[in-house]
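Novice:
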Amino acid sequence: QVTLKESGPGILQPSQTLSLTCSFSGFSLSTYGMCVGWIRQSSGKGLEWLANIWWNDDKYYNPSLKNRLTISKDTSNNQAFLKITNMDTADTATYYCARNWAFDYWGQGVMVTVSS
Amino acid sequence: DVVLTQTPPTLSATIGQSVSISCRSSQSLLHSNGNTYLNWLLQRPGQPPQLLIYLVSRLESGVPNRFSGSGSGTDFTLKISGVEAEDLGVYYCVQSTHAPWTFGGGTKLELK
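Here the protein sequences come in this chain order: A and B.
Position in the first sequence (first residue = 1) + 21 = this note's numbering.
Position in the second sequence (first residue = 1) + 97 = this note's numbering.
#1: With DSSP as the reference, label T96/A as helix, strand or coil.
#2: Show which residues of chain B have a CB atom less than 9 Å away from the CB atom of N98/A.
#3: Assuming N136/B and A123/A form a contact by the criterion Cβ under 8 Å, report the distance between their Cβ atoms to the nearest whole angstrom.
#4: Does the segment 32 to 46 of chain A come within contact of the segment 158 to 174 of chain B, defined as at least 3 CB pairs closer than 8 Å?
#5: What residue range does the beta strand (DSSP E) around G58/A cover?
#6: Do you know whose CA, among L206/B, T174/B, V99/B and G113/B, lies nearest E69/A's CA?
#7: So, using beta-carbon positions, are T107/B and K205/B closer together than 8 Å?
#8: Run through DSSP, which three-state label would N88/A get?
#9: Considering R121/B, what are the terminal residues of the beta strand (DSSP E) in which it resides?
#10: Going along chain B, which residues have a C-beta under 7 Å from N83/A?
#11: Express the C-alpha separation of S154/B and F45/A in angstroms, rounding to a whole number.
#12: Which residues in chain A sit within 9 Å of N136/B, going by Cβ to Cβ distance?
#13: Whose C-beta lies closer than 8 Å to the C-beta of I150/B among residues of the same chain, with five residues either side of it excluded?
#14: Check each candidate in Q192/B, P197/B and A196/B and name the one with the smallest Cα separation from R121/B.
#15: Output the distance between the C-alpha atoms of G47/A and W127/A, rounded to the nearest integer angstrom.
#16: Consult DSSP for A196/B and reduce its assignment to one of helix, strand or coil.
#17: Indicate whether I74/A and R89/A have their beta-carbon atoms separated by less than 8 Å.
#18: From N99/A to L50/A, what distance separates their C-alpha atoms?
#19: Give a yes or no on whether the minimum CB-CB distance between F200/B and chain A is below 8 Å.
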């Protein structure tokens with residue numbers, strides 16, 4: 022059974038760095054062709070792909086935020102991570118992690134609020 | 098970046114009605130490996146999205162066969178043959194052929 026679960030700080034101040042963790046089970050990020058990605062959704066809005074990391078450690082970022090994003094993984098512990106620097110109120114959103122290019126499994130999401 | 102344009106933005110339907118959602122891409126989604134990475138997701142209120150259709154027309158395991166996908170190149174369609182109450186929510190197309198991966202703006206399916 023495949024599951025993913027996001028965790029993060031919940032609330033942070035402008036200019037701080039957001040650190041998110043995606044803990045997953047039922048698959049391995051060392052398996053050929055596997056990847057985990059991060060997607061966010063502002064309240065009442067659509068979905069925005071942020072980044073993904075592949076089994077071979079290839080990483081891809083949304084150019085609109087590329088300089089602020091860092092994705093990484095811990096294969097041994099079945100986790101993927103996303104850091105976003107210089108957070109702004111516009112980054113307030115629910116952040117999801119999802120498996121693969123088909124987005125076939127999603128976590129429940131973690132709500133992140135940026136507020137002073 | 099690839100822009101996916103979904104129409105209509107809102108769709109009102111009665112139970113049992115068949116409906117279609119269009120997703121048009123600003124460029125061909127045919128990958129050099131021969132696959133077309135166009136998928137359809139449904140997001141019910143308060144829930145994360147769930148995969149319905151992948152690679153244009155392949156039904157995800159466990160998804161009812163009243164859902165079907167078709168299309169090629171730049172034009173794609175999701176059809177629901179006989180809407181049921183559990184189908185209400187927002188439908189998104191998403192492409193993973195070209196980086197950055199992009200989502201359509203969504204189509205909200207409501208009860209008439």
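All residues carry an ideal CB built from backbone N, CA and C; glycine is no exception.
Specialist: Quick answer:
#1: helix
#2: Neighbours of N98/A on chain B: none; closest Cβ ~23 Å, over 9 Å.
#3: 6 Å
#4: no
#5: C56 to Q62
#6: V99/B
#7: yes
#8: helix
#9: V116 to S122
#10: P197
#11: 28 Å
#12: W122, A123, F124 and D125
#13: N136, W137, L156, E157, V160, F164, S165, G166 and L175
#14: Q192/B
#15: 13 Å
#16: coil
#17: no
#18: 7 Å
#19: yes
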